[in-house]
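For reference, the structure is listed below as structure tokens.
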Amino acid sequence: MKIVISSDHGGINIRKEIISLLEEMNIEYEDMGCSCGTSVDYPDYALPVAEKVSNGEADRGILICGTGIGMSIAANKVEGIRCALVHDTFSARATREHNDSNVLAMGERVIGPGLARDIVKVWLETPFEGGRHKVRVDKISNIEKEYSSN
Numbered sequence: 057m058k059i060v061i062s063s064d065h066g067g068i069n070i071r072k073e074i075i076s077l078l079e080e081m082n083i084e085y086e087d088m089g090c091s092c093g094t095s096v097d098y099p100d101y102a103l104p105v106a107e108k109v110s111n112g113e114a115d116r117g118i119l120i121c122g123t124g125i126g127m128s129i130a131a132n133k134v135e136g137i138r139c140a141l142v143h144d145t146f147s148a149r150a151t152r153e154h155n156d157s158n159v160l161a162m163g164e165r166v167i168g169p170g171l172a173r174d175i176v177k178v179w180l181e182t183p184f185e186g187g188r189h190k191v192r193v194d195k196i197s198n199i200e201k202e203y204s205s206n
């Protein structure tokens, strides 16, 4: 599994924690920044991650900003991305089992580093259940295709 990870200025500390976790889990990753403490625009950091997951250069992506909201909205504009904004382990498990999410968004101003690590671990280790959930995910993909062709 290859993970691509990024944050804006509001998610740098959690991103460092998650990179440490990925190293502990021996998971290949690419860190796409940001490396500054000054204000940056979150879409500039969400888009490259979403594109790499969408085109198959990475299996999954992780995005962190202050709330996770902006990053998830931006990532979900890319075809094939199912980015879930998660701030608890139940949702992390459910979004993998039921939605086959391929990008995870979190907010550093919402959760602490310990919970962020737990969320990512659950999200990475939980498989997609398929079955009735696949039918629903396929419907989402069909909606995406219909609106992207307009």
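Per our numbering, the sequence shown starts with residue 57, numbered consecutively. Virtual Cβ for every residue (Gly too), placed ideally from N, Cα, C. Small disclaimer: the values here were computed from a predicted structure and weren't measured.
Does residue i come out as helix, strand or coil in the three-state DSSP assignment?
| i | result |
| --- | --- |
| E200 | helix |
| A114 | coil |
| M57 | coil |
| D87 | strand |
| G124 | coil |
| V142 | coil |
| G136 | coil |
| G186 | coil |
| V159 | strand |
| S62 | strand |
Assuming residue i contacts residue j under a Cβ cut-off of 8 Å, what Cβ separation, rounded to an integer in Å, is found between them?
| i | j | result |
| --- | --- | --- |
| A140 | L160 | 6 Å |
| H65 | S95 | 6 Å |
| A106 | I59 | With 8 Å as the limit, A106 and I59 do not qualify as a contact, their Cβ atoms being about 13 Å apart. |
| R138 | S157 | 5 Å |
For residue i and residue j, what's the separation of their Cα atoms in angstroms?
| i | j | result |
| --- | --- | --- |
| G186 | E153 | 8 Å |
| I70 | E164 | 6 Å |
| S62 | K108 | 12 Å |
| T123 | E84 | 26 Å |
| V178 | C121 | 20 Å |
| G136 | S110 | 6 Å |
| R173 | G67 | 13 Å |
| G170 | L119 | 16 Å |
| M81 | I167 | 21 Å |
| T182 | R192 | 18 Å |
| I75 | A148 | 18 Å |
| L78 | M162 | 16 Å |
| K190 | N155 | 8 Å |
Buried or exposed: residue i, going by 16 or more other Cβ atoms within 10 Å of its Cβ?
| i | result |
| --- | --- |
| M127 | buried |
| V176 | buried |
| R116 | buried |
| M57 | exposed |
| C90 | buried |
Is residue i near the ligand SAM, going by C-beta to nearest heavy atom under 7 Å?
| i | result |
| --- | --- |
| E113 | The model depicted lacks the ligand SAM and carries no ligand whatsoever. |
Item to complete: State whether the region 95–115 contacts the region 189–201, with contact taken as three or more CB pairs (one from each stretch) at a distance under 8 Å.
Response: Using a C-beta cut-off of 8 Å, the region 95–115 makes no contact with the region 189–201, since fewer than three inter-stretch Cβ pairs fall below that distance.
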